[in-house]
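Undergrad:
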Amino acid sequence: MPKQKMNTRNSSAAKKPVERKSLKAVDRLMGMKDTLPAEFRYLSNVMDKAASLAELYSFNAIKTPVIESLDLFKQSMRNSSDKEIYGVNCDKGEKAVLRPELTQGILRAYIENNFVELPQPVRLYTIGPVFRHEKMQNGRFRESNQFNMEVIGEDKPMAETLLIAAAYNFFLDLEANFQIQINSLGKAECRKEYNTKLSAFYKERGRRAKLCNNCKKALLKTPMALLDCKEDACQQLLAEAPQIADCLSDESREHFAKVLEYLDELNIPYNFNPYLVRGLSYYNDTVFEFWPINDEGAMQSKLALAGGGRYDNLVESLGGKPTPSVGIAIGLERTVAKIKDKLELPNLKEEVVFLAQLGEQAKIKSLILFEELRRMGFNVRQSFSTDSLKNQMEEASRLNAKVSLILGKKEVMDETILLRDMESGVQETVAFKKVKDKIAKKVNRKEGVIYG
Ligand code: HAM
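Positions in the sequence shown are counted from 1; adding 105 to them yields this note's numbering.
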């Protein structure tokens, strides 16, 4: 006999409440960071400052892809390994990665778009995220934002000086305390000679046994990488280590002396650090970092706020013509962490103009006025999705609006608008065509907005 379909609608089984397993919340990946609204205000403020500074120093903005070919970074692997690089699954066996730096993408764009034909040097800046699968620590994230400035096609020492000056003024404006560390790595032959000297130094008098395991391994391949190690035991050995300055050619020595001379002329203080090597393989000659210090001038952390240097061979190694260049990257999360307690963000209370409306016609008119006020540079806010005036005024209070403009049916007919001073609560009726002038007298506009 065929089984009859059970009518579950009225059966007791159907009445049983259905047991629903609660879904497991998906957490963010290890080492990734949410920038929540309170902190994002600082980050976006610092990004705005970075962009205006770059424009001031004649850099042009560029945006390059977050995903690039692995080949782009092969020439300049950090610590000669690709462990830090996030791979991306792509079609057709393409080897793609999340960019660990911004520099190479900018150089690829320079080569690909034939910027070599433009008057040199080409000054480019970009602000955006980089990804590094690093050992996690406070202040070391796997996704972070950098502000990069690159001067491509310039061999003169003034290029380094101007970049350092730009970053110096950036941190000064943000009232961050920092110290500039600077060194010269010379040319490839010089580093070869220095590596041999260093290797001999660490092998003498049982020094090798005191090194951390990573350094013991690095000693076999790139002894200079040992100078970058932050482990206390390895740092202690540095004091007696030979210095690269003794291996510099006359050309490199003169170049470096010029950079320092210009910095002196600009009254930019720096610390000549003979053991500063930076973790990246593509540098030659000048390298520099900005280290955070506290109010008493003592070093605050081993994690730099910014770093950069000269890379005269990188463009060529990426397939371009020989193009001497120099650049810097400023870490924005570390910058925000450094200045958060001091930086006063613009007081939005003074600036917000809230636009409230009631009724269809008023909404349309408000939308037009909203756009006009925004273009004039006012920090104008609205709640067009809400029809209740009470809710809109609550939103205006929450935003600490300085004034609210209220447009209802009556005002649309009379060609007027109600202007409420949110502090005093005083309201006045203003002719609609005069409202922009009236607002301009009462409220500050945001800086840097193009009017018209
Ligand atoms: P970098 O020293 O690797 O240089 O990074 C520059 C800055 O980015 C660091 O000084 C730091 O402030 C920030 N940063 C780096 N890694 C992290 C991380 N895991 N978490 C948070 N912040 C981080 C470069 O990337 C070179 N491309 C700089 C350059 C530009 N050289 C020439 N042009």
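All residues carry an ideal CB built from backbone N, CA and C; glycine is no exception. Since we're looking at a predicted model, the values are computed, not measured.
From Leu303 to Ser354, what does the alpha carbon distance come to, in whole angstroms?
TA: One C-alpha to the other measures close to 18 angstroms.
Undergrad: Run the proximity test for Thr208: is its beta-carbon closer than 8 angstroms to any non-hydrogen atom belonging to the ligand HAM?
TA: Thr208: yes, Cβ under 8 angstroms from the ligand HAM.
Undergrad: Starting from Arg245, follow its DSSP beta bridges and name the residues at the other end.
TA: In the DSSP output, where bridge partners are listed per residue, Arg245 has Gln242.
Undergrad: Give me, in chain order, the residues of the same chain whose beta-carbon lies closer than 8 angstroms to that of Val441; leave out the 5 immediate sequence neighbours on both sides.
TA: Hits under 8 angstroms: Glu144, Tyr147, Leu148 and Val151.
Undergrad: Using beta-carbon positions only, say whether Leu419 and Leu212 come within less than 9 angstroms of one another.
TA: Contact: yes.
Undergrad: Got a sec: does the ligand HAM put a non-hydrogen atom nearer than 8 angstroms to the Cβ of Ser249?
TA: Checking every heavy atom of the ligand HAM against the Cβ of Ser249, one is found closer than 8 angstroms.
Undergrad: Grab me the residues of Pro262's own chain with a C-beta within less than 7 angstroms of its C-beta, minus the 5 sequence neighbours each way, in chain order.
TA: Excluding positions up to five away in sequence, the list reads His360, Lys363, Val364 and Tyr367.
Undergrad: Classify Arg254 as helix, strand or coil using the three-state DSSP reduction.
TA: Checking the sequence, you will find Met at residue 254 rather than Arg. The answer is strand: DSSP assigns Met254 an E or B state.
Undergrad: Find out if the Cβ-Cβ distance for the pair Gly244, Glu438 is shorter than 9 angstroms.
TA: Cβ atoms of Gly244 and Glu438: closer than 9 angstroms.
Undergrad: Find the nearest neighbour of Thr266 within the set Ile522, Ser493, Leu128 and Pro374, judged by alpha-carbon distance.
TA: Residue Pro374 is the option with its Cα nearest to Thr266.
Undergrad: Work out the CA separation of Phe483 and Cys334 for me, nearest whole Å.
TA: Taking the straight line joining both Cα atoms gives about 50 angstroms.
Undergrad: Quick test of the definition: if touching needs 3 or more C-beta pairs under 8 angstroms, does the region 241-256 touch the region 127-136?
TA: At 8 angstroms Cβ cutoff, the stretches touch.
Undergrad: Take Asp519 as the anchor and find which of Gln348, Asn218 and Lys538 has the nearest alpha-carbon.
TA: Of the listed residues, the one whose Cα sits closest to Asp519 is Lys538.
Undergrad: In angstroms, rounded to a whole number, what distance separates the CA positions of Ser490 and Leu141?
TA: Cα to Cα, Ser490 sits roughly 24 angstroms from Leu141.
Undergrad: Measuring alpha carbon to alpha carbon, tell me which of Met241, Ala330 and Glu294 ends up nearest Tyr307.
TA: For the residues Met241, Ala330 and Glu294, the minimum Cα distance to Tyr307 belongs to Ala330.
Undergrad: Exposed or buried, what is Thr169 when buried is set at 16 or more other beta-carbons lying within 10 Å of its beta-carbon?
TA: Its Cβ being crowded by 16 or more others within 10 Å, Thr169 is buried.
Undergrad: Which whole-angstrom value is the C-beta distance of Val540 and Val431, which I expect to be below 8 angstroms?
TA: With a Cβ gap of about 51 angstroms, Val540 and Val431 do not count as contacting.
Undergrad: Using 8 angstroms for Cβ pairs, my map puts Asn486 next to Ala506. What's the rounded Cβ distance?
TA: According to the sequence provided, residue 486 is Arg. The question's Asn does not apply to it. Indeed, because the Cβ distance is near 7 angstroms, the residues count as touching under 8 angstroms.
Undergrad: When the Cβ atoms of the region 274-292 are set against those of the region 442-449, are three or more pairs found closer than 8 angstroms?
TA: Short answer: they touch.
Undergrad: Would you say the beta carbon of Tyr416 comes nearer than 8 angstroms to a heavy atom of the ligand HAM?
TA: Under cutoff, so the answer is yes.
Undergrad: Under three-state DSSP, which class holds Lys454?
TA: Residue confidence is low: Lys454 scores 49 on pLDDT, short of 50, so the model does not pin down where it sits. Its coordinate-derived value is still stated next. Of the three classes helix, strand and coil, the one that applies to Lys454 here is helix, per DSSP.
Undergrad: Is the region 186-200 close to the region 154-165, with three or more CB pairs under 8 angstroms?
TA: At 8 angstroms Cβ cutoff, the stretches do not touch.
Undergrad: Any heavy atom of the ligand HAM closer than 8 angstroms to the CB of Leu408?
TA: Checking the Cβ of Leu408 against the ligand HAM gives yes.
Undergrad: Counting only the same chain and skipping the five closest in sequence on each side, list residues whose C-beta sits under 6 angstroms from that of Tyr299.
TA: Correct list, in chain order: Ile349 and Cys352.
Undergrad: Can you give, in chain order, each stretch of the alpha helix (DSSP H) that sits fully within the region 154-201 and has at least 4 residues?
TA: Listed in chain order, they are 176-179.
Undergrad: Would you report the Cα separation of Ser357 and Glu259, rounded to the nearest angstrom?
TA: So the two alpha carbons sit approximately 15 angstroms from each other.
Undergrad: If you run the structure through DSSP and keep just helix, strand and coil, what is Asn549?
TA: In the structure shown, Asn549 sits in coil (DSSP, three-state: anything other than H, G, I, E or B).
Undergrad: Give the secondary structure of Leu478 by DSSP, where H, G and I count as helix, E and B as strand, and everything else as coil.
TA: Of the three classes helix, strand and coil, the one that applies to Leu478 here is helix, per DSSP.
Undergrad: Which of the three DSSP states is assigned to Thr208 in this structure?
TA: Thr208 falls in the helix class under three-state DSSP.
Undergrad: Rounded to the nearest angstrom, what separates Gln405 and Asn319 at their Cα positions?
TA: Taking the straight line joining both Cα atoms gives about 24 angstroms.
Undergrad: Does at least one heavy atom of the ligand HEM sit under 8 angstroms from the Cβ of Leu423?
TA: In terms of ligand content, the structure shown lacks the ligand HEM and carries the ligand HAM instead.
Undergrad: Alpha helix (DSSP H) containing Pro262: first to last residue?
TA: Element bounds for Pro262: Pro262 to Asp278.
Undergrad: Helix, strand or coil for Met527? Go by DSSP, reduced to three states.
TA: DSSP places Met527 in coil when its eight states are reduced to three.
Undergrad: In terms of residue numbering, what span does the beta strand (DSSP E) encompassing Leu229 cover?
TA: Element bounds for Leu229: Val227 to Phe236.
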